[in-house]
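> Using my numbering, read the sequence shown as starting at 48 and increasing by one per residue.
Here it is, the structure in full.
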Amino acid sequence: MDENYILSKWLNNELTDSELADFKASDNYAIYEKIKNYSSQLEVAEFDEDKILESILKQEKNTPKVIPLYKKWLVQIAAIFILGLAITYVIQNFVPQTQYAQNGKIITFSLPDNSEVVLNSGSEIEYKKWNWNIHRRIELQGEAYFRVAKGRRFEVQTNLGKVAVLGTKFNVKARKNRFDVTCFEGRVRVNYKDKQIILTHGQSVTFENGKQLNTIIKTSKPEWLENKIAFNKENLHNLLEEIQRQYNVIIELKATHTNALFTGKIPTNNIDVALQIIATTYNLEFNKTAKNKIIFEEK
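The structure is reproduced here in structure tokens:
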């Protein structure tokens, strides 16, 4: 049944029990109910009832006017249209906004204050537009690079830790139990469990399994923005997972896991070179068994 028709009957309390049950089970019912409740709580200015009654009694009695049926329907259509606009406004401003970069893709977008975010492959960000300039806070799963516009405190919350800044350029990566933060401009405050440190230009910190590793970087932005992935003491399992995200492939490792950690750069625009670097480093060989499946085996 047409949704506008159902809305019209609902606003006029004309739904049958079965229709009302179906309507309440719909995905948008909660939003409709909130808007209806908010509308019912609106207050109008106080008025003098005695004066209004006196004014009505002084007027000549006119023949009651009959409102054509089509006008009644126009009023209902207008009400539905206004309700639709209200719902759209609520969704755009109160419902959390989500940006997602699929495996093999990198996306760039702007936040309400024109801060820029570059989202790496297999990563997701969620934020709310409502009151953004006062509460600039986002939730990140994966990795992203930020160019933050100056203003109030800007927070990035992950499942591993939190980063807070005022206006700067920085990179945050939270994958499994590893948390990396790099500051390229300005200052950032990093909170990880019970630790809190300040990073300035050119400083990077990594937390993994309760251990902290501080490093100095010389680049002006993350290497992954230039089709390269930079790794610093990364284990083979995490290394292969990152290759899977960047190239949108499936990798199977048929070899004894090594404890050797990898430090270096791997391209994200040439899969053959990337696979060869890993194979050479860990004394493996790889075979492409399908278009998007690769198997690493011991030589």
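Built from N, CA and C at the ideal position, the CB exists for glycine as well.
Every value quoted in this text rests on a predicted model; they were computed, and no experiment measured them.
(1) Between Asn180, Asn256, Phe226, which has its C-alpha nearest Lys197's C-alpha?
(2) List in chain order: all unbroken beta strand (DSSP E) runs of 3+ residues lying wholly within the segment 221-305.
(3) Would you mind reading off the limits of the alpha helix (DSSP H) that contains Val195?
(4) Determine contact between the segment 306-323 and the segment 264-283, defined as no fewer than three beta-carbon pairs at a distance below 8 Å.
(5) Helix, strand or coil: which one does DSSP assign to Leu377?
(6) State the DSSP-derived secondary structure class of Leu331, mapped to helix, strand or coil.
(7) Below 8 Å on the Cβ atoms is my guess for Thr247 versus Arg234; work out the distance and round it to an integer in Å.
(8) How many Å lie between Ser157 and Val164 at the Cα?
(9) Anyone know if the C-beta pair for Phe226 and Gly249 falls short of 7 Å?
(10) On the DSSP bridge assignment, give the partners of Val212 in chain order.
(11) Output yes or no for whether 7 Å exceeds the beta carbon distance between Lys301 and Glu344.
(12) How should Gln293 be labelled, buried or exposed, when 16 other C-beta atoms within 10 angstroms of its C-beta is the threshold for buried?
(13) In whole angstroms, give me the CA-to-CA distance for Asn60 and Leu67.
(14) If Arg222 and Glu202 are in contact, beta carbons under 8 Å, what's the gap, nearest whole angstrom?
(15) Quick check: the Cα distance between Ile153 and Asn306, rounded to an integer number of angstroms?
(16) Mapping the DSSP letters down to three states, classify Ala148 as helix, strand or coil.
(17) How is the beta strand (DSSP E) around Leu308 delimited, first residue to last?
(18) Exposed or buried, what is Leu308 when buried is set at 16 or more other beta-carbons lying within 10 Å of its beta-carbon?
(19) Buried or exposed for Phe72, please, with buried defined as at least 16 other CB atoms from any protein chain shown within 10 angstroms of its CB.
(20) Which of the three DSSP states, helix, strand or coil, is assigned to Leu67?
(21) Return the first residue and the last residue of the beta strand (DSSP E) that Lys340 is part of.
(22) Please name the residue or residues paired with Thr155 in a DSSP beta bridge.
(23) Are the Cβ atoms of Asn218 and Tyr192 separated by less than 7 Å?
So, from the listed chains and residues:
(1) Asn180
(2) 225-232, 234-239, 242-247, 250-255, 258-263, 275-281, 297-301
(3) Neither: Val195 is in no alpha helix (DSSP H) and is coded neither H nor E.
(4) yes
(5) Any property of residue 377 remains undetermined from this structure, which presents the chain solely from 48 to 346.
(6) strand
(7) 5 Å
(8) 6 Å
(9) no
(10) Phe201
(11) yes
(12) buried
(13) 9 Å
(14) That belief does not hold up - the Cβ atoms of Arg222 and Glu202 are roughly 20 Å apart, past 8 Å.
(15) 30 Å
(16) strand
(17) Counting along the chain, Leu308 falls outside any beta strand (DSSP E), and DSSP gives it neither H nor E.
(18) exposed
(19) Phe is not the amino acid found at residue 72; the sequence shown has Ala there. Result: exposed.
(20) helix
(21) 340-345
(22) Val165
(23) yes
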